[in-house]
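Beneath this line is the structure, given in C-alpha cells, with notes to follow.
Residue numbers (this note's numbering), protein chains in the order written: chain A, 1226 to 1339; chain B, 885 to 997.
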C-alpha cells in the first residue's frame, strides 16, 4: 500500500490564484481530513469527510472547499489564494469515522502564497 | 482554538537520557494520542490512550494520563539520536462525533550523540 499520498510537494502561488491540493489513500479508509500547520503551532483541522459524498467544516474552513466523490480521493481547493494561506498542508485518513481510530498522515504540501 | 499545550516547547538531551514531555488540555476527552514529526515530514502515530486508562507502554515509550488534571506525559527512555523530532499530543473531544483531532503546538526534542 502507498498509504496517504499528497501532490504537489511544494507550490508557489500568487495572491488571487486558485489551485487544488490532491490527497489519495489506498487503504479503503472511511474518514479523511485536511489540516494546516503553521510555524510554532500544532495542526488545525480545515475540513473532514466521513465518507464519499459527505464533508463538513473543521476549525479553519474559510477560503477552502472540499469534495469527496470517491472513497480514495479528498482534494482541497483554494478558491482565491491569500498570503495567510501560506502553510504546510497535511491530509490524513483513518479506517472509520469513530473516535479512537489511528490516523495516517500524508507527507504534506508546502504552499507559499506571494 | 488549540486544545493541548505541550511543555516544554523545546528539549535538548544526550543519547541514553530519558526525555519527558507534558501535555495539558482543556475539555473532556474520549482519548489522547501522541504523534512524532520528523523535520519536513508527515506525522506518525505513536500511541493512543483512552480516557479510562491511566498508563500505556509501547517499546521505549510510556504515556500517562490524568483526567482529573487534564494532563498527559510522554516518556521516552534511553533516547537515541533518531528520536530527534517534534512530538505532538492530540485529543479527541468527548463531545461531538467523529475522529477529529485537536493538536497542541508540540515539543521539539533534540537528542545529541
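For each residue, glycine too, the CB sits at the ideal point set by N, CA and C.
Have a look at residue i and residue j and give me their C-alpha separation to the nearest angstrom.
| i | j | result |
| --- | --- | --- |
| residue 905 (chain B) | residue 893 (chain B) | 9 Å |
| residue 1263 (chain A) | residue 1230 (chain A) | 20 Å |
| residue 985 (chain B) | residue 1295 (chain A) | 23 Å |
| residue 935 (chain B) | residue 975 (chain B) | 10 Å |
| residue 1252 (chain A) | residue 968 (chain B) | 29 Å |
| residue 999 (chain B) | residue 927 (chain B) | Shown here, chain B extends from 885 to 997; a query on residue 999 (chain B) therefore has no answer. |
| residue 885 (chain B) | residue 1285 (chain A) | Legend: pLDDT at residue 885 (chain B) = 46, less than 50; position of this residue unreliable, no value from coordinates given. |
| residue 890 (chain B) | residue 1323 (chain A) | 25 Å |
| residue 938 (chain B) | residue 895 (chain B) | 24 Å |
| residue 970 (chain B) | residue 1304 (chain A) | 31 Å |
| residue 964 (chain B) | residue 898 (chain B) | 8 Å |
Is residue i close to chain A, meaning its C-beta is less than 8 Å from at least one C-beta of that chain?
| i | result |
| --- | --- |
| residue 932 (chain B) | yes |
| residue 914 (chain B) | yes |
| residue 944 (chain B) | no |
| residue 983 (chain B) | yes |
| residue 989 (chain B) | yes |
| residue 927 (chain B) | yes |
| residue 903 (chain B) | no |
Within 8 Å of any Cβ in chain B, is that where the Cβ of residue i sits?
| i | result |
| --- | --- |
| residue 1275 (chain A) | yes |
| residue 1267 (chain A) | yes |
| residue 1278 (chain A) | no |
| residue 1270 (chain A) | yes |
| residue 1185 (chain A) | Residue 1185 (chain A) cannot be examined here, being either before or after the span of chain A that is shown, 1226 to 1339. |
| residue 1241 (chain A) | no |
I'd like the ranges of any beta strand (DSSP E) spanning at least 3 consecutive residues and lying wholly in the region 919 to 969 of chain B.
927 to 934, 939 to 942, 945 to 950, 955 to 960
Near-chain A residues of the region 964 to 976 of chain B (beta-carbon distance less than 7 Å), N- to C-terminal order:
Residues passing the 7 Å Cβ filter: 972, 976.
Can we say the region 1272 to 1292 of chain A touches the region 899 to 916 of chain B, given the rule of at least three CB pairs closer than 8 Å?
no
Between the region 1309 to 1339 of chain A and chain B, which residues of the former have a C-beta closer than 7 Å to a C-beta of the latter?
Result list: 1315, 1319, 1322, 1323, 1324, 1325, 1326, 1327, 1328, 1330, 1331, 1332, 1333.
Is the region 916 to 933 of chain B touching the region 1325 to 1336 of chain A, taking contact as three or more C-beta pairs under 8 Å?
yes
For the pair the region 1310 to 1328 of chain A and the region 951 to 961 of chain B, tell me if three or more CB-CB distances fall below 8 Å.
No: the two stretches stay apart, fewer than three of their Cβ pairs being nearer than 8 Å.
Positions along the region 1243 to 1264 of chain A whose CB lies within less than 7 Å of some CB in chain B
1256
Would you check if there are 3 or more beta carbon pairs closer than 8 Å linking the region 1264 to 1271 of chain A to the region 1240 to 1247 of chain A?
The region 1264 to 1271 of chain A is not in contact with the region 1240 to 1247 of chain A.
Beta strand (DSSP E) segments (min. 3 residues) lying fully within the region 1234 to 1296 of chain A:
Fully enclosed beta strand (DSSP E) runs of 3 or longer: 1235 to 1238, 1244 to 1250, 1256 to 1262, 1268 to 1276, 1279 to 1282, 1289 to 1291.
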